[in-house]
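Worksheet: one structure, shown below.
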Amino acid sequence: MEQGKVLLVTRSLRRTILFVPANNQRMMEKASKLATDMVILDCEDSVTEKEKLVARQAASQAIKIHDWGSKEVGIRINGLDTPLWLDDLESAAQSSPSFILVPKIEDPSEVKLVDQIIRHSAKDEGKELPRIMVAIENAKGLVNVEDILKASELITAIEFGAEDYSLSLGILSIDRSDASSLYARSRVVAAARALSIDALDQAYVNLTDQDGLRKSAIEAKNLGFSGKSVIHPSQIEIVNQVFSPSPSDIAWASRVLEAWKIAEKEGKGAFRFEDKMVDVVHVKMAEKILGIAKEAGLHA
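Positions in the sequence shown are counted from 1; adding 1 to them yields this note's numbering.
Rendered as structure tokens:
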């Protein structure tokens, strides 16, 4: 008998993913009302050891009791190198979140094991299985990233965790430049995009530096990330804004498509547009911009 199945679903925008400690009822309720696209109910790093079991139970309950609207809501379990992960994973799978975030993945065999347990734990026939989000957080995971992403059809996204990654490389500074993780982030994005998987960038840990946050988000967007982790509600608006088309982007895209209609009638595959040569790749860019704008409720 089939134990759950993978259903093809249309993914929503994934500009922001907010981490919330699952042992904090007030913060989870507040998160349900915020303008973030995704929420992680965290049982791992933001929860102390003595609160881990409380967080596990509270995360499962929160999935059911709060109105999350159109948000994707996931649970981050404890790592596979801890004694908590199996019970965390089984509990999460049974509570039917949108996805389960598995931290510090290093090897494809770990993903395959998680996949098997999710399929076994989510026992309702015909019910959509929780998807998997993997986190690459150290050098070993990075060198295996392509094979990790191929290990399960349940994988829907990958998140890059800069703090643990830096520690694994011996970079012992919280004030390091984003450039220190440029290679890793670029590799994660390329591997994800090759498999049509969304990639989410590292969190920006300075909570008072909004200019720095914006700069970091713009860099992530320019690298190809779909969105960025946020660790405080004050970061949501800026990151959402960066990963949404600007009014000038939308206007440009509309003009390109109008010009393309004329060029097609004239039999042109490439044409001059506002003193630049454009062709079908720019048309595809314009179509994607307008698609994202529509989903975000933006207009020209």
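Here a beta-carbon is modelled for each residue, glycine too, at the ideal position from N, C-alpha and C.
{"query": "Might you give, ordered along the chain, the residues of its own chain that have their beta carbon closer than 6 Å to the beta carbon of Phe-274, omitting 5 neighbours on each side?", "result": "Ala-260"}
{"query": "Please name the residue, chosen from Ala-271, Leu-42 and Pro-109, that lies closest to Trp-69 on a Cα-to-Cα basis.", "result": "Leu-42"}
{"query": "Just to confirm the assignment: which complete alpha helix (DSSP H) runs, minimum length 4, are found wholly within the region 58-102?", "result": "86-95"}
{"query": "What's the gap between the Cα of Glu-30 and the Cα of Ile-18?", "result": "16 Å"}
{"query": "Below 8 Å, how does it come out for the region 261-280 and the region 74-88: are there three or more Cβ pairs, yes or no?", "result": "no"}
{"query": "Can you look up Ile-263 in the DSSP assignment and give me helix, strand or coil?", "result": "helix"}
{"query": "Cβ atoms of Ala-294 and Pro-246: under 7 Å apart, would you say?", "result": "yes"}
{"query": "Apart from the five residues on each side of it in sequence, which residues of its chain come closer than 7 Å, Cβ to Cβ, to Ala-254?", "result": "Ala-287, Ile-290 and Leu-291"}
{"query": "For Ala-32, which residues from the same chain have a beta carbon less than 7 Å from its beta carbon, with the 5 sequence-adjacent residues on both sides left out?", "result": "Leu-19, Val-21 and Val-40"}
{"query": "Look up Arg-132 in the DSSP assignment and give the residues it is bridged to.", "result": "Phe-100"}
{"query": "The alpha helix (DSSP H) that contains Glu-138, what's its start and end?", "result": "Where Glu-138 is concerned, there is no enclosing alpha helix (DSSP H), given that its DSSP letter is neither H nor E."}
{"query": "Would you call the CB atoms of Ala-192 and Glu-138 closer than 7 Å?", "result": "no"}
{"query": "Ala-271: buried (16+ other C-beta within 10 angstroms of its C-beta) or exposed?", "result": "exposed"}
{"query": "Helix, strand or coil, according to DSSP, for Met-286 in the structure here?", "result": "helix"}
{"query": "Under DSSP, the beta strand (DSSP E) around Val-112 begins and ends at which residues?", "result": "That residue, Val-112, is in no beta strand (DSSP E); its alpha helix (DSSP H) goes 109-122."}
{"query": "Identify every residue that forms a DSSP beta bridge with Arg-16.", "result": "Beta-bridge pairing links Arg-16 to no other residue."}
{"query": "Tell me which residue opens and which closes the alpha helix (DSSP H) that Asp-341 is part of.", "result": "In the structure as shown, the chain starts at 2 and stops at 301, and residue 341 therefore has no counterpart that could be examined."}
{"query": "If I measure Cβ to Cβ from Thr-37 and keep anything under 6 Å in the same chain, skipping five residues before and after, which residues do I get?", "result": "Thr-17, Leu-19 and Ile-237"}
{"query": "If we ignore side chains and look at the alpha-carbon of each, how far apart do Pro-234 and Val-282 end up?", "result": "36 Å"}
{"query": "Alpha carbon to alpha carbon, how far is Val-257 from Gly-5? Give it in angstroms, no decimals.", "result": "Bear in mind that a pLDDT of 48 at Gly-5, under 50, signals an unreliable position, so the number given afterwards is only what the model happens to contain. Cα-Cα distance, rounded: 44 Å."}
{"query": "Strictly under 7 Å for the Cβ-Cβ distance: is Lys-65 near chain B by that measure?", "result": "This model lacks chain B altogether; it includes just one protein chain."}
{"query": "Rounded to whole angstroms, what is the Cα-Cα separation between Ser-153 and Asp-276?", "result": "46 Å"}
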